[in-house]
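Notes follow the structure.
Residue numbers (full-length UniProt numbering): 1 to 106.
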């Protein structure tokens, strides 16, 4: 273990790394074959543009197998639909049913 992690190892605490990322599935401008010098641009509609968010936790504890916990969220642009994860929802969702203790308050 790294030097700063000895206290966690002695206390048999969980070391958790969290990260979140997002990707849009919007189509780009399309092209097709044409005579030299005249590149045609094909019309592509942006209907149904979807954004996908992924959040995950990597959990480590000495003497136990590591755990990868993740959630995905698809945003379709509808009214009232959440655009991304909110921290309390994310934490509650990750720690329910995993056997991990809830995080300590800051």
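Beta carbons are placed, not taken as given, at the ideal position from N, Cα and C, and that holds for glycine. Here the structure is a predicted model, which is why all the values come from computation and not from measurement.
(message) Please report the distance separating the alpha-carbon of residue 59 from that of residue 34.
(response) Counting from 1 along the chain shown, the entry for residue 59 is found at position 59. Counting from 1 along the chain shown, the entry for residue 34 is found at position 34. Straight-line measurement puts the Cα of residue 34 at about 53 angstroms from the Cα of residue 59.
(message) Just list the residues that DSSP pairs residue 56 with in beta bridges.
(response) Taking the first residue of the chain shown as position 1, residue 56 is located at position 56. Per DSSP, 19 and 70.
(message) Among the candidates 32, 83, 82 and 70, whose CA atom is the shortest distance from the CA of residue 43?
(response) By 1-based counting over the chain shown, the position of residue 43 is 43. Restricting attention to 32, 83, 82 and 70, the CA atom closest to the CA of residue 43 is found in 32.
(request) Check whether the Cβ atoms of residue 14 and residue 71 sit closer than 8 angstroms, and answer yes or no. (result) Within the chain shown, residue 14 is the residue found at index 14, counting from 1. Within the chain shown, residue 71 is the residue found at index 71, counting from 1. Not a contact, by the Cβ cut-off of 8 angstroms.
(request) Look at the alpha carbon of residue 25 and the alpha carbon of residue 52, and state the distance between them as a whole number of angstroms. (result) Your numbering for residue 25 matches position 25 in the chain shown. Your numbering for residue 52 matches position 52 in the chain shown. Rounded to the nearest angstrom, the gap between the Cα atoms of residue 25 and residue 52 is 8 angstroms.
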